[in-house]
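What follows is a short report on a single structure.
Numbering (full-length UniProt numbering), first residue to last: 1 to 283.
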């Protein structure tokens with residue numbers, strides 16, 4: 001089988017986890033290959049996601065690397081299932097790979113948390129609000145590229161509406177509520193939509209009011225996607241240069257702490273809805 005020419009976030013994550021297990025076992029790629037009956041280049045290519053791997057072989061790798069965490073191994077084995085075409089693949093020739101990786105990461109998440117300080121969460125944005133955000137890109141995006149991004153953002157939201165929706169928790173600073181992207185009418189419609197979504201059982205919206213004062217991670221937007229086991233959680237950060245995905249254990253622990261502290265300065269859901277209503281009335 002020829003090597004892959006393109007790889008997905010999920011494929012790369014599996015390779016990363018296998019490399020991490022090997023390194024924890026204190027084995028070089030050459031030593032691991034001898035134990036597993038493979039040459040060093042095959043091990044390296046599997047870890048780089050250039051070659052696929054079966055669920056049975058993942059379990060064999062984990063056994064040889066001394067991993068006794070059955071839940072973690074089962075989750076890794078589940079990541080090997082043959083990948084069918086998904087909805088985000090239709091954007092492969094039109095959007096940056098980071099946006100496709102984000103959609104795939106969210107699709108497989110068991111729960112999602114986000115912390116927002118200046119923008120409202122993408123999974124809660126209306127069409128008009130999203131369009132106004134993308135029109136502010138530097139350099140300016142041509143109209144078709146704006147519409148591709150808007151369409152992709154709205155399709156990502158399907159995970160909040162499917163038969164078994166993902167649990168979603170958003171902590172939003174009041175500053176983001178008052179940023180009038182697209183003008184007062186667009187903002188009013190957007191905030192009304194967030195109020196409606198906050199009534200859904202699987203969605204929690206918490207607001208950090210201006211009166212909270214200083215708070216951790218000021219100015220940073222964070223998406224924390226929970227995996228089937230904590231080791232497979234993923235953090236996604238937005239930047240002007242695209243999405244940054246973090247998956248190292250130290251990074252995950254840092255952002256678990258960040259999310260707890262960020263939420264600790266928010267008011268409860270009832271008070272949060274009251275703040276959102278007051279902002280709507282002020283528009």
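Even glycine gets a Cβ: it sits at the ideal position worked out from N, Cα and C.
At least 7 Å separates the beta-carbon of residue 75 from that of residue 226. Excluding five sequence positions before and after residue 130, the CB atoms of its chain that fall closer than 6 Å to its own CB belong to 150, 153, given in chain order. Rounded to whole angstroms, the Cβ separation of residue 207 and residue 174 is 6 Å, and the two are in contact under 8 Å. Note that the C-beta distance between residue 202 and residue 170 is not below 7 Å. With contacts defined by Cβ atoms closer than 7 Å, residue 246 and residue 229 do not form a contacting pair.
The C-beta of residue 101 has 16 or more other C-beta atoms within 10 Å across all chains shown, which makes the residue buried. A residue is called buried once 16 or more other Cβ atoms fall within 10 Å of its Cβ, and residue 132 is buried on that count. By DSSP's assignment, residue 226 forms a beta bridge with 111.
Scanning 282, 54, 53 for the CA closest to the CA of residue 179 turns up 282. Counting C-beta pairs closer than 8 Å gives three or more between the segment 17–26 and the segment 56–66, which meets the contact rule. In the DSSP annotation of this structure, residue 16 is not part of any beta strand (DSSP E); the continuous alpha helix (DSSP H) holding it starts and ends at 9–24. When only Cα atoms are considered, residue 192 and residue 13 end up about 37 Å apart. Annotated three-state conformation of residue 72 is helix, per DSSP.
For residue 42, the secondary structure class from DSSP, reduced to helix, strand or coil, is helix. Cβ contact annotation for residue 4 (same chain, cutoff 8 Å, sequence separation greater than five): 11, 49, 50, 51, 52, in chain order. Residue 244 is bridged by DSSP to 237. Residue 204 has 169 as its beta-bridge partners, per DSSP.
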